[in-house]
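Just below is one structure, and these are the notes that go with it.
In this note's numbering, the protein residues as written are 764 to 938.
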């Protein structure tokens, strides 16, 4: 799958509703036919998802439209930097039903960055389902998502066939 990276969001995005085996999604496509956003609705109204997108990309004009039938195989436009792109490409090699740790991804792409940098890249990823960040877990437990998001992450992993034991990590607050 072709993945292009740019540091700023596209100026225009057409959005519509899509479906995946893991649930309904909102899909964003550029005028050039590049897939740039995919977000799970998780029971929310589609318009609420698009409102989140507007907050994250305030300079982008979002217009409702028809999502191309083959949206899952469109070329990808990722908003980030070259390091994040390498993280996302590596995550896409983790097979369905398997997991890798944040530190494992850091080691696989080299460059001496830490698991935290991989976690940051996952958090910044705008292509849910296409870049399966749910397959990346902490070394001491599922980690990476917070509160109800941990339940959603576990559900995604189970739906993909992962049968490992999940040990939730309790997060400490330092403030």
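Just so it is clear, CB atoms sit at the ideal spot from N, CA and C, and this is done for glycine as well. Treat the numbers as computed from the prediction; the structure is a model and nothing was measured.
- Taking C-beta separations shorter than 6 angstroms and ignoring five residues to either side along the sequence, the partners of residue 853 in its chain run 868, 871, 872, following chain order.
- Residue 771 counts as exposed, since fewer than 16 other C-beta atoms from the protein chains shown sit within 10 angstroms of its C-beta.
- Burial check for residue 791: the Cβ neighbour count within 10 Å reaches 16 or more, so the residue is buried.
- Excluding the 5 residues flanking it on each side, residue 826 has same chain C-beta neighbours closer than 8 angstroms at 775, 776, 777, 778, in chain order.
- Residue 781 and residue 922 have their C-alpha atoms spaced approximately 18 angstroms apart.
- In the DSSP assignment, residue 865 falls within the alpha helix (DSSP H) that extends over 865-872.
- A direct Cα-to-Cα measurement between residue 766 and residue 926 gives close to 30 angstroms.
- Taking a cut-off of 8 angstroms for Cβ pairs, the stretch 857-868 and the stretch 822-841 do not touch, as fewer than three such pairs fall below it.
- Scanning its chain for C-beta atoms nearer than 6 angstroms, with the 5 sequence neighbours on each side dropped, one finds around residue 785 the residues 919, 922, in chain order.
- In this structure, residue 893 and residue 829 do not form a Cβ contact; the two beta carbons are roughly 19 angstroms apart against a cut-off of 8 angstroms.
- By the CB criterion at 7 angstroms, residue 905 and residue 885 fall outside the cutoff.
- Bounds of the beta strand (DSSP E) holding residue 791 are 786-792.
- Of the candidates 837, 831, 813, 819, 819 places its Cα closest to the Cα of residue 843.
- For residue 847, the uninterrupted alpha helix (DSSP H) segment begins and ends at 845-854.
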